[in-house]
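Quick notes on the structure that follows.
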Amino acid sequence: MTPYKVAAAHVAPVFLDAPKTVAKACSLIEEAARNGAALIAFPETYIPAFPLWSAVAAPIHNHEWFKRLAASALRCPGPELERIAGAARRHGVIVSLGFNEGTADSVGCLWNSNVLIGEDGAILNHHRKLVPTFWEKLTWANGDGAGLRVCETPLGRIGMLICGENTNPLARFALMAQGEQVHVSTYPPVWPTRDPKGGGNYDLASAIRIRAGAHSFEAKAFNIVASGFMDAAMREELATLGKDAMRVLEESPRAVSMVIGPTGEPVGDVLSDREGLLYASIDTRACVEPKQFHDVVGYYNRFDVFKLTVDRRRLRPVEWRDSPETVATGETDETSGAERDTR
Numbered sequence: 008m009t010p011y012k013v014a015a016a017h018v019a020p021v022f023l024d025a026p027k028t029v030a031k032a033c034s035l036i037e038e039a040a041r042n043g044a045a046l047i048a049f050p051e052t053y054i055p056a057f058p059l060w061s062a063v064a065a066p067i068h069n070h071e072w073f074k075r076l077a078a079s080a081l082r083c084p085g086p087e088l089e090r091i092a093g094a095a096r097r098h099g100v101i102v103s104l105g106f107n108e109g110t111a112d113s114v115g116c117l118w119n120s121n122v123l124i125g126e127d128g129a130i131l132n133h134h135r136k137l138v139p140t141f142w143e144k145l146t147w148a149n150g151d152g153a154g155l156r157v158c159e160t161p162l163g164r165i166g167m168l169i170c171g172e173n174t175n176p177l178a179r180f181a182l183m184a185q186g187e188q189v190h191v192s193t194y195p196p197v198w199p200t201r202d203p204k205g206g207g208n209y210d211l212a213s214a215i216r217i218r219a220g221a222h223s224f225e226a227k228a229f230n231i232v233a234s235g236f237m238d239a240a241m242r243e244e245l246a247t248l249g250k251d252a253m254r255v256l257e258e259s260p261r262a263v264s265m266v267i268g269p270t271g272e273p274v275g276d277v278l279s280d281r282e283g284l285l286y287a288s289i290d291t292r293a294c295v296e297p298k299q300f301h302d303v304v305g306y307y308n309r310f311d312v313f314k315l316t317v318d319r320r321r322l323r324p325v326e327w328r329d330s331p332e333t334v335a336t337g338e339t340d341e342t343s344g345a346e347r348d349t350r
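If you want the numbering used here, it's the 1-based position in the sequence shown plus 7.
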């Protein structure tokens with residue numbers, strides 16, 4: 008393969024406004040393509056927001072925030088993702104997109120999800136975060152292994168994990184073992200764990216560098232890190248949580264966006280304190296030579312000693328078994344009102 012340009016979108020959503028954030032995403036896809044990028048990666052739950060309120064306000068005060076988020080959640084497939092796919096197709100760009108996902112099964116069930124969209128507009132992979140981290144459990148349900156896939160694309164074999172999943176060695180190895188060459192990691196703009204005035208807060212930027220570097224070095228792959236950004240409009244909305252909550256958000260360490268090479272070192276610039284698209288040129292041929300030193304999915308492992316099994320079924324709340332009569336007539340239990348067996 009020849010080298011190509013990628014873009015990490017270090018950007019803010021139009022806070023809790025899905026239609027406007029979709030429009031902004033389409034505009035950024037166009038901008039990335041205009042600047043020669045063949046792939047663009049958006050941050051964790053870019054559409055319509057990352058639920059930062061859960062970090063700085065008690066759950067009893069967050070009901071309205073959750074309802075706003077649920078009302079703006081996307082379906083997969085759905086009309087919003089079709090618009091993003093249309094932009095990918097028009098501009099011939101592969102798109103990795105983080106979003107809050109809703110479901111017809113429950114008006115209050117949300118997932119932290121990510122899709123990989125091909126340059127032809129097809130959804131190549133749909134991943135739900137396996138386990139929400141710390142206070143994220145107040146918002147999202149557990150995902151499943153259906154999205155632990157590496158996709159063959161014209162740009163190489165692409166995989167993706169969301170935020171803390173990049174700390175999970177088994178999830179990462181599941182992607183490595185599929186020949187991953189380009190990895191996409193997505194993060195929020197800030198992730199408080201303590202009041203900064205007491206010290207000891209989680210250093211998100213440092214954690215990202217450690218995780219991204221480790222995965223690139225172990226997988227011998229490129230790692231596109233796309234983190235969110237907290238703009239003035241988002242600050243204004245979140246300021247309604249109170250001065251103390253806003254102080255914590257303002258003083259907590261910021262996320263970073265970057266591209267890491269297969270040696271574990273950054274390729275090009277790093278974005279943190281300003282919004283924008285970060286570009287870097289990558290060449291997947293650089294993934295080959297380091298495999299001579301440590302190939303953990305090849306000769307540098309002991310598969311007679313270690314074994315990993317991954318369940319990639321899409322988990323659902325119920326499995327319906329229609330009677331032979333309804334199958335023959337085309338009638339469903341929804342139309343007949345009959346009680347259905349479940350498993």
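The beta carbon of each residue, even a glycine, is placed where N, CA and C say it ideally should be. Note that the structure is predicted; figures quoted are calculated from it, not measured.
Close-in-space but distant-in-sequence residues of the same chain around residue i (CB under 6 Å, 5 per side omitted)
| i | result |
| --- | --- |
| Thr-28 | Pro-20, Val-21, Ile-54 and Pro-55 |
| Ser-343 | Bear in mind that a pLDDT of 39 at Ser-343, under 50, signals an unreliable position, so the number given afterwards is only what the model happens to contain. Here the set comprises nothing. |
| Lys-250 | none |
| Glu-341 | Per-residue confidence for Glu-341 stands at a pLDDT of 44, beneath the threshold of 50, marking its modelled position as unreliable; no derived number is given. |
Residues near residue i by beta carbon distance below 8 Å, same chain, minus five either side
| i | result |
| --- | --- |
| Arg-218 | Asn-173, Thr-174 and Ser-192 |
| Pro-269 | Ser-223, Phe-224, Ala-226, Lys-227, Ala-228, Phe-229, Ala-293, Cys-294 and Pro-297 |
| Gly-150 | Trp-118, Asn-119, Ser-120, His-134, Arg-135, Lys-136, Leu-137 and Val-138 |
| Ile-36 | Ile-47, Ile-91, Ala-94, Ala-95, His-98, Val-100 and Val-102 |
N- and C-terminal bounds of the alpha helix (DSSP H) containing residue i
| i | result |
| --- | --- |
| Leu-245 | 239-245 |
| Leu-46 | It is not in any alpha helix (DSSP H) - Leu-46 instead sits in the beta strand (DSSP E) that spans 44-48. |
| Gly-220 | 211-226 |
| Gly-93 | 86-98 |
| Val-63 | 60-63 |
C-beta contact flag for residue i and residue j at 8 Å
| i | j | result |
| --- | --- | --- |
| Thr-52 | Asn-132 | no |
| Pro-195 | Ala-129 | no |
| Asp-3 | Leu-285 | Absent from the structure is residue 3, since the part of the chain shown begins at 8 and ends at 350. |
| Leu-155 | Ala-178 | yes |
| Gly-105 | Pro-50 | yes |
| Ala-287 | Val-13 | yes |
| Ser-234 | Glu-143 | no |
Pick from the options that is closest to residue i, judged by C-alpha positions
| i | options | result |
| --- | --- | --- |
| Asn-69 | Leu-145, Leu-256, Ser-234 and Ala-78 | Leu-145 |
| Gly-206 | Ile-169, Pro-10, Phe-73 and Pro-260 | Pro-260 |
| Val-274 | Glu-243, Ile-231 and Lys-204 | Ile-231 |
| Ile-124 | Cys-83, Pro-324, Trp-198 and Gly-305 | Cys-83 |
| Ile-67 | Leu-248, Ile-165 and Ala-16 | Leu-248 |
| Glu-126 | Cys-158, Ser-113 and Tyr-307 | Cys-158 |
| Asp-202 | Glu-243, Val-255 and Val-122 | Val-255 |
| Asp-24 | Gly-171, Lys-74 and Ile-267 | Lys-74 |
| Arg-319 | Trp-72, Gly-152 and Ala-214 | Gly-152 |
Terminal residues of the beta strand (DSSP E) in which residue i lies
| i | result |
| --- | --- |
| Cys-33 | Careful: Cys-33 lies outside any beta strand (DSSP E), inside the alpha helix (DSSP H) at 25-41. |
| Phe-229 | 229-234 |
| Glu-159 | 158-160 |
| Val-102 | 101-110 |
Per-residue burial, residue i [other beta carbons within 10 Å of its own, 16 or more giving buried]
| i | result |
| --- | --- |
| Val-189 | buried |
| Pro-10 | exposed |
| Pro-331 | exposed |
| Met-183 | buried |
| Val-312 | exposed |
| Gly-109 | buried |
| Pro-236 | It is worth fixing the name first, because residue 236 is Phe in this sequence and not Pro. Buried is the call here. |
| Pro-324 | exposed |
| Val-18 | buried |
Nonlocal neighbours in the same chain, by C-beta distance under 7 Å from residue i, ignoring five residues either side
| i | result |
| --- | --- |
| Asp-290 | Pro-10 |
| Ala-39 | Ala-14, Ile-47, Val-100 and Leu-284 |
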